[in-house]
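Remarks on the structure that follows.
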Amino acid sequence: MMHLPVQLTWLIPTLPAAAAAVIAVVPARRPGLGAGLALAALAGSLILAVLALGGALADPATRLTHTFTWFAVGHGAIRLGWLLDPLGTLLAVMVAAVGLLIFTFSLGYLREDPRAKQFFCFLSLFAGAMLGLLLANSLLLLFVCWELVGLASYLLIGFWFQRPAAAQAARKAFITTRIGDLGLLLGLVWLQDATGTLLLFDGGRGVLEAEALSTLAGATTVGGLAVSTAIGLLLFCGAAGKSGQVPLHVWLPDAMEGPTPVSALIHAATMVAAGVFLVARVFPLLAADLALPLAPVHALSVVAAVGAVTSLFGAAVAVAQDDIKRVLAFSTVSQLGYMMLAAGTGAWTAAIFHLLTHACFKALLFLGAGSVIHATHHEQDIRRLGGLRERLPVTGATFAVGMMALAGVPFLFSGFWSKEAILHAAHGWAVSQLPFLVALAAVALTAFYMTRLLAEVFAGAPRGHGAETAHESPAVMTIPLVVLAIASVSLGFLGTPWWPWLQRTLDPTFKAEAGGAGLMAVSIALVATGILAGWTRYGRHPRSDARAPDPLARSVPRLHGALAARLGCDELYAATLGRLNAALAAAASALDRSVWDGCVRFLARLGVYAGIVSRETDEKALNGGFNAAGDGLRASGRAYARTQTGDAHGYVWMLAAGFVLLALGALLGEAR
Amino acid sequence: MSPLQACLVFSAALFSLGLIAVLVRSNAILVLLGVELMLNAANLNFIAFWRYGPTPAEGHGVVFVVFALAVAAAEAAVGLALVIALHRHQRNVHLGDARRLHG
Amino acid sequence: MIALAAIALCTLAAAAVALALRDLIHSALLLIASWVGIAAFYLWAGAEFVAFAQVLIYVGAISMVVLFAVLLTRPPTAPVSPARSGRAVPGFLAGGAVLGLLAGAVLSSPLPAGTDATPAFGVRELGLKLLVPHAGALLATGALLTVALLGAVVLAAGRGKEDAP
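Okay, here's the thing in structure tokens:
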């Protein structure tokens, strides 16, 4: 099999990025041209990524790197590079493949939108940046792509910027992730200062290699933290912002204001996974402090704690949401929490496994939701849906596959295996069993809310006009659904406990641990409980009309209300951070007005007094003699003023003519 | 043509473009931008002469350009402020209309 | 040389098209592209600091001011500014004459061939030059920038109602 030379890695991200640049200038009258270009470029990237994966798999233990100098400043040089290893290339193949399906889906979804051209331009930019992020061998290059991904996400969330909610959501996403990125940037600056390089692997001198790691873990900083812990936590800030971890999760549900394919591509399958990818990528750095038993806190423990809290929070809030995309968004928050939990407990391969499977089934669920929304003329409220099983047979069947994969229905579906790997890792974590218990609770909740979603949307009778007149989406939208459904089933077999191919490929030192049958039984029981509970509450007696209250709201109204309000996070932020910001602004304004204005006014008053004194002396002593001279000057001035036309161009003309004449004269004089 | 001459011809072409913009266009902003181009052309000359000159290690050309850039920034700020003031006075930025200073 | 030719071609093309376009926004954007080209020339010539200063000052700052000026002074009904006037032909003649004169002078002058090696004049040397022999000029430049900023604010802010037409 042919392999991609590592020197040509740059082609993979450049193809879609170049396509974005070209699409930006093709005429808007021909949206098909732009879409075709985007698809072709991404297909090219997919082929190249597969070739690169082949090269990386041929010898997983050695890392193919290609480093080059970006520019030299003073005596140092900024070096960037590409890296082909199983982790990056596997995810690149996933991003390109899922991206290709979502691009295809968008052809149908945005057929009538007049700005479809821009949409494909932004999508291509996003795909290029994301692929660059995955294949970068330098944290600086990674950061550049990271920010580009954020920019593309901002543009796509706000794609329907005429809607105030979309514009607001785009801003919110951009600003919230920027808060995390500030930490990432600080971490990078610190890392550069401490090690003198930002290359990941550089023949023994990269930041992820033994020499730098031992230096970083050996030094301590404020509070007795190892430098590697501090830097790792700063990098994790960026990852938490991008991956919607508590407390920076608030932007992800609002990001659903974007077109649904965007939600599928960016806010479910790829971009939000970038945070998990970053944690997996710098895992050696995060794990460097594990050798220090006296450290006050280990970076990975923080990661695990944040992940556990996020997984439970997201699952709990998803139970009480009524917007089909919001349910999926909070489910994404929760699943990302799982992945962080896995990475924090040391099983970053399990995190990546879940990332891959989750990307497939969450993209499937979002595209299914998009198909539903498209078919029902933009009806997103599950209370007014219902009974779509007969009307949308393909969407319904594939959505059910996605639901079962997400809920973790045993054995056949991929989500089960990856979730199992995570639970196994959490169970075996030496530090604490608390995250494991939290994750078990989240498993049950996940099964419950996904059953609720499926029952509300597809079972029973239609409860709204949109649902009554629904019709199946065109083939260009259903084919990606079918492909993703097949992938959602088959991907799981890459990492079963009996044949952990994926884990071994990612991490050659991975050892499959025996046992876990009891654990598996527990989790299967929890999933069954969740599905049963969901079915008895929502499926057996579907609600009769859109205004009927939620069964959960009837039995535990307080809890349901709090969850529906997303536990008040947004309000809390508005009341604290927003208030603080406003107060600071008001204080600055008051300072300006009272203190600085006072100073300025005092100076002005001084000037006025000086003027009065000067005027008095002028009029008495000096004026007499000058008046006579002034009259003479005025007469001559009037004569000269005729030549002043006031036309700025005229003056420049004279300048130019004068210059040409002078230069000609000089040249001729020299020639003679 | 030696590299130095190539650089100088490049800068001469840029200068002429700026000059044409100043002479032909009537929009004050474009005229200002033409002036900026001419300034940039001058900077190009400094760098070219520094690069191929007799004493590059002294860095005179670079120092000159650093100061010229600072002055250019000041010039652009004041110039564009003037354009805005002009717009407030006559509701457009047409240079031909700004003749209140005629004698 | 090929790199220089490419940079020069891009820069000049961007500038030429910018100055010929009717839409000021497009002009401004193309001029920014041409400023980037000039920064590329500085990089090519080995003056990295100047290149970054060019990017920061022109591409970063001045371009923003220009765009703001364009947007603030755009007529509400947006009749495009007349691109051609009676001065077009003589203007091109004068510009061509200046170009011819300058190019002729350059090409006929016995200029030193110079070395191909990039001069060893990095950021450190430049910093020493700026802060030791030219410290006074640096301070004066700072003062100039401050005064220019204040002046620009005063000019653009106007004096309230009396200035309104």
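Here the protein sequences come in this chain order: D, V and H. Mapped onto my numbering, the consecutive letters of the first sequence carry residue numbers 1 to 672. Mapped onto my numbering, the consecutive letters of the second sequence carry residue numbers 673 to 775. Mapped onto my numbering, the consecutive letters of the third sequence carry residue numbers 776 to 940. Where a beta carbon is used, it is the ideal one built from N, C-alpha and C, also for glycine. Since the model is a prediction, treat every value here as computed from it, not as a measurement.
- Scanning the segment 302 to 358 of chain D from its first residue to its last, the whole alpha helix (DSSP H) runs of 4-plus residues come out as 324 to 344.
- Taking the Cα positions, Ala749 of chain V is about 19 angstroms away from Ala648 of chain D.
- Burial check for Gln762 of chain V: the Cβ neighbour count within 10 Å stays below 16, so the residue is exposed.
- Taking a cut-off of 8 angstroms for Cβ pairs, the segment 90 to 98 of chain D and the segment 455 to 467 of chain D do not touch, as fewer than three such pairs fall below it.
- Contact between Met403 of chain D and Met339 of chain D fails: their C-beta atoms lie close to 19 angstroms from each other, not under 8 angstroms.
- Not a single CB atom of chain V sits nearer than 7 angstroms to the CB of Pro885 of chain H.
- Beta bridge pairing from DSSP links Trp596 of chain D with no other residue.
- Less than 7 angstroms separates the beta-carbon of Thr9 of chain D from that of Leu135 of chain D.
- Using a CB distance cut-off of 7 angstroms, Val595 of chain D does not count as an interface residue toward chain V.
- The three-state secondary structure of Leu83 of chain D, taken from DSSP, is strand.
- Secondary structure of Trp499 of chain D (DSSP, three-state): strand.
- Look at Ala217 of chain D: its C-beta is not under 7 angstroms from any C-beta on chain V.
- Listed in chain order, the positions of the segment 862 to 878 of chain H with a beta carbon within less than 9 angstroms of a beta carbon of chain D are Arg862, Pro865, Gly866, Ala869, Gly870, Ala872, Val873, Leu876 and Leu877.
- Put simply, the CB of Arg771 of chain V is near chain D, with a gap under 7 angstroms to one of its CB atoms.
- At least 7 angstroms separates the CB of Val755 of chain V from every CB of chain D.
- Among the residues of the segment 680 to 696 of chain V, those with a Cβ less than 9 angstroms away from any Cβ of chain H are Leu680, Val681, Phe682, Ser683, Ala684, Ala685, Leu686, Phe687, Ser688, Leu689, Gly690, Leu691, Ile692, Ala693, Val694, Leu695 and Val696, in the order of the chain.
- Counting only Cβ-Cβ distances below 8 angstroms, Gly768 of chain V has contacts in chain D at Asp647 and His649, in chain order.
- Scanning D:Leu123, D:Trp160 and D:Ser138 for the CA closest to the CA of Gly150 of chain D turns up D:Leu123.
- With contacts defined as CB atoms closer than 7 angstroms, Pro410 of chain D and Ile531 of chain D fail to qualify as a contacting pair.
- Nearest in C-alpha terms to Ala455 of chain D, of all of D:Leu494, D:Arg383, D:His298 and D:Thr65, is D:Arg383.
- Around the CB of Asp202 of chain D, 16 or more other CB atoms lie within 10 Å, so the residue is classed as buried.
- Within chain V, the residues placing a beta-carbon under 9 angstroms from that of Val841 of chain H are Ile701, Leu704, Leu705, Glu708, Ala748 and Leu752, ordered along the chain.
- Separation of Glu209 of chain D and Val401 of chain D (C-alpha to C-alpha, rounded to the nearest whole angstrom) is 42 angstroms.
- DSSP, reduced to helix, strand and coil, places Phe413 of chain D outside both helices and strands of the structure shown, so it counts as coil.
- Under the Cβ criterion of 7 angstroms, Leu711 of chain V is not counted among the residues facing chain H.
- In summary, His378 of chain D is exposed, with fewer than 16 beta-carbon neighbours lying within 10 Å of its beta-carbon over all protein chains present.
- Cα atoms of Ala308 of chain D and Phe161 of chain D: separation of roughly 35 angstroms, rounded to the nearest angstrom.
- Below 8 angstroms, too few C-beta pairs join the segment 493 to 506 of chain D and the segment 580 to 592 of chain D to call them touching: fewer than three.
- For the segment 902 to 930 of chain H, the set of positions with a beta-carbon nearer than 7 angstroms to some beta-carbon of chain V reads Lys904, Leu905, His909, Ala912, Thr916, Leu919, Leu920, Ala923, Leu924, Gly926, Ala927 and Leu930 in chain order.
- Residues Phe824 of the same chain have their beta carbon placed closer than 6 angstroms to that of Val898 of chain H, with the five preceding and five following residues left out of the count.
- According to the DSSP assignment, Ile12 of chain D belongs to the alpha helix (DSSP H) that extends over Leu11 to Val25.
- The Cβ atoms of Met673 of chain V and Phe687 of chain V do not sit closer than 7 angstroms to each other.
- Neighbours of Val881 of chain H in chain V, taken as residues at a C-beta separation under 8 angstroms, are given in chain order as Gln677, Leu680, Val681 and Ala684.
- According to DSSP, Thr220 of chain D shares a beta bridge with D:Ala226.
- Against Ala714 of chain V, chain H offers no close residue; the least beta-carbon distance is about 11 angstroms (beta-carbon pairs closer than 7 angstroms).
- Of the other Cβ atoms in all chains shown, fewer than 16 fall within 10 Å of the Cβ of His541 of chain D; this residue is therefore exposed.
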